[in-house]
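What follows is a single structure, written as structure tokens, with notes after it.
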Amino acid sequence: MELILDIVVSSIISGSIYALLAIGFSLVFGVARIVNIAHTAFYMVAAYCIYYVTRKTGCHPGWAMIAAVALVTLLGMLCYQLFVKPIREKEGAVLIATIALAMAMQEAMVIQFTGTYLTMPALVKGYFAVLGVKIFYQQLLTFCAALVILFLLWALLMKTRLGSAIRSTAQDREVANLMGINEARVALWTVGISVGLAALTGAIVVPLTVLDPHMWMHPLIMMMAVVVLGGLGSLKGSFIAAFILGFVESLVVFLIPMGSYLKNSAALTVMIVVLLIRPEGLFGISFEEER
Amino acid sequence: MMRHFRIYFRKLFVVFRNEILVLPSRVVVLLFFLLLLLLPLFAGDPYLLRILTLTSIFAILAASWDLLSGFTGQMNFGHALFFGVGAYTAALVNLHLHIPPWGSIPIGAVGAVLAGLVIGIPCLRLRGTYLALTTLAFPIILMGIIFALSDFTGGEKGISGHASLAGSRVGDYYVAVVAMLGLCTIMWKITDSNTGIILHAIREDELAVRASGINTTRYKLLAFCLSGFFAGVSGGLYAHFMRMAGPSTLDVSMSFQIVIWSMFGGVMTIYGPVGAVFIIVPLLEFFRFWQELRMLMFAGVVLLILLYMPDGLFRWLRDKIEKTCPRCKLRNIATRHTCRVCNAPLD
Amino acid sequence: MARIVRRVFLLGLLSFFAVSFWTVSFAKEIKIGVIGPMQFVQGISQWNGAQLAAEEINARGGVQVGDEKMQIRLIRADSNELLNTTDGPSAMDRLMTRDKVDFVLGGFRTEAVLVMQDIAMEHKKIFIGIGPAHADLCTRVATDYDTYKYWFRGSPFNSALLGRTSFLNLGYVAGVLKETLNIPQIKVAFVGEKAAWVDPVAKAAQDVIPKMGMELVGVWRPSERATDVTAELSAIQRSGAHIIFTIFSSSVGITFARQAGELEIPAMQVGVNVEAQKDGFWDATQGMGNYAMTVSIYARGLEYNDLTKPFVENYIKKFGETPTAMADTYAAIAYMLVPAIEKTGTLDSDKLVAFLENQECKVPSGVVALEKDAEGRPLHDLRWGPGYLTYAGFQWQDGALKGVWPNKWKAGPQAPEITYKGIVPLKIPPWMIEKYKK
Chain A
762 MELILDIVVS
772 SIISGSIYAL
782 LAIGFSLVFG
792 VARIVNIAHT
802 AFYMVAAYCI
812 YYVTRKTGCH
822 PGWAMIAAVA
832 LVTLLGMLCY
842 QLFVKPIREK
852 EGAVLIATIA
862 LAMAMQEAMV
872 IQFTGTYLTM
882 PALVKGYFAV
892 LGVKIFYQQL
902 LTFCAALVIL
912 FLLWALLMKT
922 RLGSAIRSTA
932 QDREVANLMG
942 INEARVALWT
952 VGISVGLAAL
962 TGAIVVPLTV
972 LDPHMWMHPL
982 IMMMAVVVLG
992 GLGSLKGSFI
1002 AAFILGFVES
1012 LVVFLIPMGS
1022 YLKNSAALTV
1032 MIVVLLIRPE
1042 GLFGISFEEE
1052 R
Chain B
123 MMRHFRIYFR
133 KLFVVFRNEI
143 LVLPSRVVVL
153 LFFLLLLLLP
163 LFAGDPYLLR
173 ILTLTSIFAI
183 LAASWDLLSG
193 FTGQMNFGHA
203 LFFGVGAYTA
213 ALVNLHLHIP
223 PWGSIPIGAV
233 GAVLAGLVIG
243 IPCLRLRGTY
253 LALTTLAFPI
263 ILMGIIFALS
273 DFTGGEKGIS
283 GHASLAGSRV
293 GDYYVAVVAM
303 LGLCTIMWKI
313 TDSNTGIILH
323 AIREDELAVR
333 ASGINTTRYK
343 LLAFCLSGFF
353 AGVSGGLYAH
363 FMRMAGPSTL
373 DVSMSFQIVI
383 WSMFGGVMTI
393 YGPVGAVFII
403 VPLLEFFRFW
413 QELRMLMFAG
423 VVLLILLYMP
433 DGLFRWLRDK
443 IEKTCPRCKL
453 RNIATRHTCR
463 VCNAPLD
Chain C
7 MARIVRRVFL
17 LGLLSFFAVS
27 FWTVSFAKEI
37 KIGVIGPMQF
47 VQGISQWNGA
57 QLAAEEINAR
67 GGVQVGDEKM
77 QIRLIRADSN
87 ELLNTTDGPS
97 AMDRLMTRDK
107 VDFVLGGFRT
117 EAVLVMQDIA
127 MEHKKIFIGI
137 GPAHADLCTR
147 VATDYDTYKY
157 WFRGSPFNSA
167 LLGRTSFLNL
177 GYVAGVLKET
187 LNIPQIKVAF
197 VGEKAAWVDP
207 VAKAAQDVIP
217 KMGMELVGVW
227 RPSERATDVT
237 AELSAIQRSG
247 AHIIFTIFSS
257 SVGITFARQA
267 GELEIPAMQV
277 GVNVEAQKDG
287 FWDATQGMGN
297 YAMTVSIYAR
307 GLEYNDLTKP
317 FVENYIKKFG
327 ETPTAMADTY
337 AAIAYMLVPA
347 IEKTGTLDSD
357 KLVAFLENQE
367 CKVPSGVVAL
377 EKDAEGRPLH
387 DLRWGPGYLT
397 YAGFQWQDGA
407 LKGVWPNKWK
417 AGPQAPEITY
427 KGIVPLKIPP
437 WMIEKYKK
């Protein structure tokens, strides 16, 4: 019984993190057709920013998080304007550009912080026990924060004009242009929101994780698996797929303790099997090239 | 007897003058061949030879990627899989079955071909970004399996103790360079053949190709297998040259590197990735002096190239020094005003 | 007139270059290469230790090689092993062919060191390994002596011996727990990161732990970069383990200690935790890593012999942190290489190899003696045992790393009791005492 609860708790927490990352990635792909390999790299930069600001100025991590999110969002929009916008039409080039950006950010972190492992204190210390399973308050905080952010995002997309514009551009770029929506500006805003999401994820995950300049690779792979499984461009798909893959990972860790390093491979295998059956992912749209 | 030789050499010279010297890009390729083959005669520094050997091995790898992803349009983000499978298979076969390198490398390549089938079949129904992201998954899964079977595969220590390529640094160099020049020429010929045209067409519009009655599935699988074969050869060469085959050959960053090299040089040209590798790998090694800034500078250079030459460096260079005749479609040196064959005006 | 001036200038410049080239290439120097991942703390430590040794020796005049005194010149080579295994052999190549070093020290990641070893052996240069702990590096010496005889392991001893020391630590802690908390049967949980070097230790644990009279309740293998081990910790707590036997070399060591401390898991962490060897561990675990133990070599206050304290204090004074096993490049230069050179009076690799093989050298961590395998073939591996090298078990106690083992330890029934200077008693976490002392 406790085992099941452990698995459920663990998968919910990791699932919510993947969901945040995947939705940001999916958003920018659906709207601007940009595969942003540097998405998790922004997540990493935000985490380091928070660490740096907290250490240097000694102020409460909360302020550092706000500062970091703002800075990284600006950085993301700047990178987009300078490096991605001029070559937006060529998908291959955009892909390489984002890889190069991710590498540049990684190297910048190595130069500034070296490869030593760094950690941040938890915002709320301590833990509580539910039915024999110990959960950190910080994990609960992170999970609630993830839910809040997802809700805000949903509200943004469904209830505001910008959200409408984003959704329509995602559905059909040319027609949205014809309807008078400034497609380029919507793309810029979407990039900002997407990078902001990544930064927020960094902010809420930072107290739980260890910082090192290569921390962006593993979430990248899982995030891409989630996005592909859920269907590119489908936010609902990303959300659900995130929890599915989080669940698979937890299953592996708990049921095969000797093989907990296999959790990556297991999740990826699940993704491939689903793709064999349904090539556009769980909720993806089939005739993508007709858009 | 001597007359035969004279006529033969005359012919060769005429061909040389009219076909090769006419276009600067062909002259460059010729000089490249000569330089690589004759280098050890006047600069036998083992360190330099090592760098060039590694470069040649990676050049084969990059060219094989271009064959699959450039020509056939199947974006493969997990090319390191073929490289790793080739390396491990060659090393294992050599270590346990005692087959010498000229046998174990082809066997490694065959192993990579099988890997190509394994990933090609699920990927047949996938397109574009889905394909790219899915192919990313395969080397990672294989790495997990390698760690799981660490008794057999050596886990993260990898496999070592197998034979070297040719026993000496110069020997290794020549094996790698000859292999590279040979295999890349073969790949170049493939892209120029009927099969190559079909592969190119698949990239442009698969539906149209299917409508023409060609079995695209078979050709796509062929592309995966060919690409896998050449990449597997490169993996085998690597394993025997370094005398080590480890999980680093399957790394995600290795896959990314391959994509960067090829895009940097220009996709859909076999010479683009080869040239890019010959520039980037020695350059990175040279940047050793600025160890901290090395990768940062590399990333910066890649970004700049993408901004100004999005089709790749060598395409851009070639377009600067050569022009295509509008009538007969043959290339001419850019300083000409009329086509060398049909005399049409070039401007 | 101008032409003559130009000619004179050119001639002067050329002769200047010629002279400096002459003096540079014929200067009397011993070139020692230090190769390692220089952008990471392991490589930096290797370089630091070497620097400390070179400066000390050069300051007192240099090395007496036969009739002349030569200065030591260190050459730094970044193998970048942690990121890219092809860079390491290229760097070694450079050291051999461009820099033409006489000796090489360092190495870290076994995958890369195996290849770098081959290159150094090709050039017949002595390569002292400071960092890689895999036994295979030395078994090569036994199986192919003529090729590999130039290889020596300098520090630390190989992972099998590391396992042995950890098991002794385990036994010691189990004894203390039995006594103070009256626990009849000690339960042990094995947690080792998924890495090849841990596999033999995991296998050995399944044999050794029952033989030591304890029960092995489970084996967990998290990823070495795992950022969340609460799942494993929950399972471990449920299993009722009193001791968690940890084998970590990477960031999971920080995560595990921190989360175990935060969750107040009532078990002692014993074993190898490389991150816990570093000064920054306390910070990195936000202070939650208290009571975590690890096998390590150096810490403030612990002395193996009279060489330990001067080395540790000088290192801390110069570099601001406690030396780790990587800093034993100091011992390799100052107490292995240089005395060998001075006693044999030559830089010739073959003669030095013959000399080093039969020598015992006193170093800050004990005494280096080189092993032979079961068939009497030289392994050039380090000997383990009291009077040689045992290293020590350390525990984090309120912000400081203190030595706790060997504490009145006997290697065998007839052996003398050993307690190194600076060893303190073991501390048990209060939440564990609370749970068991009922």
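In the order they appear, the protein sequences are chains A, B and C. Using this note's numbering, the final residue of the first sequence is 1052, and nothing's skipped along the way. Using this note's numbering, the final residue of the second sequence is 469, and nothing's skipped along the way. Using this note's numbering, the final residue of the third sequence is 444, and nothing's skipped along the way. Ideal Cβ placement from N, Cα and C applies to all residues, glycine included.
Note the first and the last residue of the continuous beta strand (DSSP E) segment covering Phe109 of chain C. 109-112
Among C:Gln77, C:Leu388, C:Gly55, nearest to Glu35 of chain C - alpha-carbon criterion: C:Gln77
What do you reckon, are the CB atoms on Val276 of chain C and Ile253 of chain C nearer than 8 Å? No, Cβ-Cβ distance for Val276 of chain C and Ile253 of chain C is not below 8 Å.
Any C-beta of chain C sitting closer than 8 Å to the C-beta of Lys442 of chain B? no
Mind checking who Ser282 of chain B pairs with in its DSSP beta bridge? B:Met366
Please go through the same chain and pick out, in chain order, the residues whose beta-carbon is closer than 7 Å to the beta-carbon of Ile215 of chain C, but skip the five residues on each side of it. Val194, Leu222
Using a threshold of 8 Å, state whether the C-beta atoms of Ile182 of chain B and Phe363 of chain B are closer than that. With contacts defined by Cβ atoms closer than 8 Å, Ile182 of chain B and Phe363 of chain B do not form a contacting pair.
Which class does Asn337 of chain B belong to by DSSP, given the choice of helix, strand or coil? coil
Check whether the stretch 804-815 of chain A touches the stretch 957-969 of chain A, counting contact only when three or more Cβ pairs, one atom from each stretch, lie closer than 8 Å. yes
List the residues that DSSP assigns as beta-bridge partners of Gln403 of chain C. C:Ala406
Which of the three DSSP states is assigned to Lys75 of chain C in this structure? strand
Ile215 of chain C: first and last residue of the uninterrupted alpha helix (DSSP H) it sits in: Unbroken alpha helix (DSSP H) run through Ile215 of chain C: 204-217.
Can you tell me where the beta strand (DSSP E) with Thr300 of chain C in it begins and where it stops? Its beta strand (DSSP E) spans residues 299-302.
Determine the DSSP secondary structure at Val300 of chain B, reduced to helix, strand or coil. helix
Please list the terminal residues of the continuous alpha helix (DSSP H) segment that includes Lys357 of chain C. 355-363
Contact list for Leu176 of chain B against chain C, beta-carbon separation under 7 Å: Thr92
Using a Cβ-Cβ cut-off of 8 Å, state whether Thr171 of chain C counts as contacting chain B. no
Do you know offhand how far Asn164 of chain C's Cα is from Val207 of chain B's? 30 Å
Tell me the residue span of the alpha helix (DSSP H) that contains Gln123 of chain C. 116-128
Name, in chain order, the residues that DSSP records as bridge partners for Phe251 of chain C. Note: Phe251 of chain C is bridge-paired with C:Phe196, C:Val276 in the DSSP secondary-structure output.
Locate the beta strand (DSSP E) running through Arg159 of chain C, then write down its first and last residues. 157-161
Whose C-beta lies closer than 7 Å to the C-beta of Gly147 of chain C among residues of the same chain, with five residues either side of it excluded? Before going further, note that residue 147 of chain C is Val rather than Gly in the sequence given. Apart from sequence neighbours up to five positions away, the residues of its chain that approach Val147 of chain C with a beta-carbon distance below 7 Å are Tyr154, Lys155, Trp157, Pro384, Leu385, His386, ordered along the chain.
Can you tell me where the beta strand (DSSP E) holding Thr446 of chain B begins and where it ends? 444-446
Proximity below 8 Å, CB of Thr330 of chain C to CB of Tyr310 of chain C: no
Across which residues does DSSP place Thr460 of chain B in a beta bridge pair? DSSP lists B:Pro467 as partners of Thr460 of chain B.
Does chain B have any CB closer than 8 Å to the CB of Ala202 of chain C? yes
Just the C-alpha distance for Leu447 of chain C and Tyr151 of chain C, rounded to the nearest angstrom, thanks. For residue 447 of chain C there is no data in the structure shown, the boundaries of chain C being 7 and 444.
Proximal residues of chain C, C-beta to C-beta of Pro882 of chain A below 8 Å: Gln292
Give me the DSSP bridge partner(s) of Asp387 of chain C. Answer is none; Asp387 of chain C lacks a bridge partner.
Under three-state DSSP, which class holds Lys423 of chain C? A quick correction: the sequence has Glu, not Lys, at residue 423 of chain C. If DSSP states are grouped into helix, strand and coil, Glu423 of chain C belongs with the strands.
Would you kindly work out how many angstroms separate the C-alpha atoms of Ala97 of chain C and Leu418 of chain B, rounded to a whole number? Computed Cα separation, rounded: 20 Å.
How about Gly853 of chain A: is its C-beta nearer than 8 Å to some C-beta of chain B? yes
Given that Met983 of chain A touches chain B, what residues does it touch there, using C-beta distances under 7 Å? Simply none; closest approach about 10 Å.
Just checking my contact of Ser787 of chain A with Val988 of chain A at CB under 8 Å: how many whole Å lie between their CB atoms? 5 Å
Can you check which of these residues, B:Pro404, B:Phe180, B:Leu406, B:Gly394, is closest to Gly434 of chain B by C-alpha distance? Proximity to Gly434 of chain B across B:Pro404, B:Phe180, B:Leu406, B:Gly394 peaks at B:Gly394, based on C-alpha coordinates.
Listing by chain order, which chain C residues have their CB less than 7 Å from the CB of Lys279 of chain B? Thr116, Glu117, His140, Ala202
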